[in-house]
Amino acid sequence: MKLDRLDRRILEVMQDNGRISNLELADKVGLSPTPCSRRVRQLEASGLVRGHVTLLNQDQLGLKLTAWISITMDRHTPDRFEAFEEEVRAYPEVLECAVVTGQAADYLIKAVVPDMAYYEGFLLGKLTRIPGVSGVLSSFELRRVVNRTRLPLDHTES
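Take the sequence shown: its letter number 117 is residue 117 in full-length UniProt numbering, and every next letter is one higher.
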């Protein structure tokens, strides 16, 4: 989908406030409500807008420890990777999991847990028991320097 200036502006405003009413959104982007609503529906139908979420405060929920976990697999076969990915998707502690290059690991996982004792159980009771996991290297977040969900839109074509 080709984005024009108004589409980009709609997306910028929606990234700041996913609960904004169509009336307020239309006002902020300089459109009347009907065309604004039509554009939002088109952005959603195209798959560009994947959904709307509520961001929670992990510290207030007692999820004080964020771990970045490098996973090495014993074999690089499609069935091994598929099985690992299916298993790790089922873990609510895992916020992100990506296949990576440029390091010794095959996967990089971002997980949040209450504390180190819980992490030990998660690591030994779940991650290392997945068939094919041959190595795990854990790093722990001391302080978040950047934490955003907003994607940069200034480079998109018009």
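Glycine included, C-beta positions come from ideal geometry on N, C-alpha and C.
Less than 8 Å divides the Cβ of P114 from the Cβ of L65.
Cβ neighbours of A105 within its own chain (closer than 8 Å, five residues either side excluded): S70, I71, T72, G135, L137. In terms of Cα proximity to M14, the closest of V49, P33, Q42, H76 is V49.
Residue nearest to V100 within the set P92, V94, I109, E93 is I109 (criterion: CA-CA distance).
Bridge pairing for F140: A67 [DSSP]. As for any beta strand (DSSP E) of minimum length 3 sitting wholly inside the segment 13-98, the runs are 65-73, ordered along the chain. DSSP places L108 in the uninterrupted beta strand (DSSP E) bounded by 107-113. For A117, the enclosing alpha helix (DSSP H) begins and ends at 116-125. For G132, DSSP records no beta bridge to any residue. If you draw a straight line from the Cα of S139 to the Cα of A98, it is about 16 Å long.
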